[in-house]
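Protein sequences appear in the order of chains A and B. 1 is the number of the first residue of the first sequence in this note's numbering; add one for each residue after it. 218 is the number of the first residue of the second sequence in this note's numbering; add one for each residue after it. Backbone N, C-alpha and C fix where the C-beta goes; we use that ideal spot for every residue, glycine too. Heads up, the thing below is written out as structure tokens.
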Amino acid sequence: MKKTKILIASAILGIATFVAIAADHIDAPAVTGTTSDITDYYAFRGENTNNIAFVANVQGLLSPGDTGSASFDENVMIEINISTNNDLQEELVIQAIPRDGKMYFFGPVVATSTGLSSTITSNAITQGSVDITPYGQSAIIENNNGIRMFAGPRDDPFYFDFTQYNEIIAGNAGSFNDPGNDTFAGTNVMSVVIEVPKSLIGGSGSINTWVETKRRQ
Amino acid sequence: MKFNNIKLFAIAILASMTAFTCNNDDDNNDGFDGPDFSGTYVTQDQMARPAINTVFVNDGMKDQFNTTVPANQGATFQPLFEDKLLALNPGYTTNALGFDAATFTGALATDVLTVSLDGETTFANADLSTVLTGRTLMDDVIDIELTLIFGGPMGTDNPGLTSDGVDSNDKAFLSSFPYLASPF
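Shown next as structure tokens:
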């Protein structure tokens, strides 16, 4: 009994540190609530299984009322990093940056530099742009040489019972509910989706990938 | 004298006009016929796998984690992640992947998402026979992570803490690009 209690107590204590929660929503003080706050990152095989789709979401927890006025920041570049040789350094990048209602995409292209500081490879042979879909309108998609592009508000695809977490942390509950309630239901994010042929990112085997938001200095 | 001043002034104006023009005519000379995206861009946020910074990085180091390149994350953060894991679950021995604390946190501390170009892409399938080959919109990443943290070697320990009871998104995803559901 006592051991169980201690275990539960420490588990609850542990979960308390889980509280600033979400996938990466509001994860750190320097970015919380800013236009560069990444909420989630996904990479998966596309409907066309020769492709990989990358999804980078920013600016989470947008209420429907706030979504129409939300916009991508023209000083924030979203950089998808791809390591094709398992060395944890990006050999390739896909850079996305908005300007005047369009999202511009550069790459996949060989990274001109690695690490925390980048310039935009605006001379990349592989590039394109798509009109940013306004709130309330059908998704605007561009298809350019087998690369598909989208940018605009979307339903936050992340799901999690954050409220019950808080109840557990507050000592009002000892476990989750089944079923639980999705705290992120009804909220939106600003989403960038790009789907590229696998042949442009190494072809076979596996890649390691991560996403950054980088602000113009 | 006066005339020379005027001449100098004219030259100065001409020079500044030229400079002005140079900054505004998309003269990147790089073949890109679009807006000027010159400048240096520096990392503010970074992520790969879901919830890693949120769960495993202590307050005070979260910004540092976001601005440490993946190649350097393991050395700095693996020991801290191991401490955190054992604080989260003092009874941790191994998890359903058979990883002891050092191995598990070693894998987590280098925050990159591995994506297969050959087969299924999933954060983990139901029986954990395929793990970390990507992340789909449908993957229940929170349950997977809770199970690996709290579920013990069989994934069956602490059953009230290994699933949040939310098994899918509130809106159906699309089978076609852009896959995410329209906003509310």
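With 16 other Cβ atoms within 10 Å as the buried cut-off, status of residue i
i        : result
A/Thr187 : buried
A/Gln59  : buried
A/Met77  : buried
A/Asp125 : A quick correction: the sequence has Ile, not Asp, at residue 125 of chain A. The residue in question, A/Ile125, is exposed, as its Cβ has fewer than 16 Cβ neighbours within 10 Å.
B/Met371 : exposed
B/Pro467 : Within the shown structure, residues of chain B are numbered from 218 to 401, placing residue 467 of chain B beyond reach of any answer.
B/Ser333 : buried
A/Ser129 : buried
B/Asn306 : buried
A/Asp27  : buried
A/Asp87  : exposed
A/Ile21  : Confidence in A/Ile21 is poor, its pLDDT being 49 and thus under 50, which makes the residue's placement unreliable; the coordinate value appears in the next sentence. Answer is buried; the Cβ neighbour count reaches 16.
A/Gln95  : buried
A/Asp182 : buried
A/Gln217 : exposed
A/Gly202 : buried
A/Glu79  : buried
A/Ser69  : exposed
B/Asn283 : buried
B/Asp317 : exposed
B/Asn375 : buried
B/Gly351 : buried
The alpha helix (DSSP H) enclosing residue i, as first and last residue numbers
i        : result
B/Ile359 : Val358 to Phe367
B/Leu325 : Ala318 to Ala326
A/Phe160 : Element bounds for A/Phe160: n/a, residue is neither H nor E.
B/Asp280 : Lys279 to Asn283
Contact under 8 Å by Cβ, residue i with residue j
i        : j        : result
A/Asn57  : A/Asp73  : no
B/Ala319 : B/Leu345 : no
A/Val211 : A/Asn123 : no
A/Tyr104 : B/Gly251 : yes
B/Val383 : A/Asp161 : yes
A/Tyr159 : B/Ser380 : no
A/Ile207 : A/Ser117 : no
B/Gly291 : B/Gly323 : yes
B/Asp262 : A/Ser71  : no
B/Leu363 : B/Leu378 : yes
B/Phe273 : B/Leu349 : no
A/Ser204 : B/Asp335 : yes
A/Val55  : A/Val193 : yes
A/Asp131 : A/Gly180 : no
B/Ala341 : B/Ile361 : yes
B/Asp280 : A/Ala170 : no
A/Ile147 : A/Ile120 : no
B/Pro400 : A/Thr67  : yes
A/Arg45  : A/Ile38  : no
B/Asp357 : A/Ala185 : no
8 Å contact criterion, which residue i and residue j should meet: CB distance rounded
i        : j        : result
B/Thr339 : B/Thr353 : 6 Å
A/Arg99  : B/Val259 : With 8 Å as the limit, A/Arg99 and B/Val259 do not qualify as a contact, their Cβ atoms being about 19 Å apart.
A/Phe150 : A/Gln127 : With a Cβ gap of about 16 Å, A/Phe150 and A/Gln127 do not count as contacting.
B/Leu330 : A/Thr209 : 5 Å
B/Phe321 : B/Leu303 : Rounded, the Cβ-Cβ distance is 11 Å, inconsistent with contact.
Limits of the beta strand (DSSP E) - the one that residue i falls within
i        : result
A/Val93  : Leu92 to Arg99
A/Gly136 : Per DSSP, A/Gly136 belongs to no beta strand (DSSP E) and is neither H nor E.
B/Glu299 : That residue, B/Glu299, is in no beta strand (DSSP E); its alpha helix (DSSP H) goes Pro287 to Leu305.
A/Thr209 : Ser206 to Arg216
B/Ile269 : Taken as a continuous stretch (DSSP letters only), B/Ile269 belongs to no beta strand (DSSP E), being part of the alpha helix (DSSP H) at Ile269 to Phe273.
A/Gly60  : Asn51 to Leu62
A/Ile141 : It is not in any beta strand (DSSP E) - A/Ile141 carries neither H nor E in the DSSP assignment.
B/Phe340 : Careful: B/Phe340 lies outside any beta strand (DSSP E) and carries neither H nor E.
A/Gln89  : First-last for A/Gln89: undefined, no H or E at that position.
A/Glu195 : Asn188 to Pro197
A/Glu47  : Segment: none, A/Glu47 is in no beta strand (DSSP E) and carries neither H nor E.
B/Thr331 : Leu330 to Ser333
A/Val109 : Lys102 to Val110
B/Thr260 : Tyr258 to Met264
A/Met77  : Val76 to Ser83
Contacts that residue i makes with chain C (C-beta to C-beta distance below 8 Å)
i       : result
A/Ile80 : Included in the structure are the protein chains A and B, with no chain C among them.
> Okay, do the region 73 to 91 of chain A and the region 101 to 114 of chain A touch, 3+ Cβ pairs below 8 Å being the bar?
Replying inline: Taking 8 Å as the limit for Cβ pairs, the verdict is that the region 101 to 114 of chain A does touch the region 73 to 91 of chain A.
>> For the region 291 to 311 of chain B against the region 163 to 183 of chain A, do three or more pairs of beta-carbon atoms, one drawn from each stretch, fall closer than 8 Å, so that the two count as touching?
In response: Contact between the region 291 to 311 of chain B and the region 163 to 183 of chain A is absent: fewer than three C-beta pairs spanning the two stretches fall below 8 Å.
> On the three-pair Cβ rule with 8 Å, is the region 386 to 400 of chain B touching the region 150 to 163 of chain A?
Replying inline: Cβ pair count under 8 Å is three or more, so yes.
> Are there three or more Cβ pairs, one per stretch, closer than 8 Å when the region 137 to 153 of chain A is compared with the region 253 to 269 of chain B?
Replying inline: No, the region 137 to 153 of chain A is not in contact with the region 253 to 269 of chain B.
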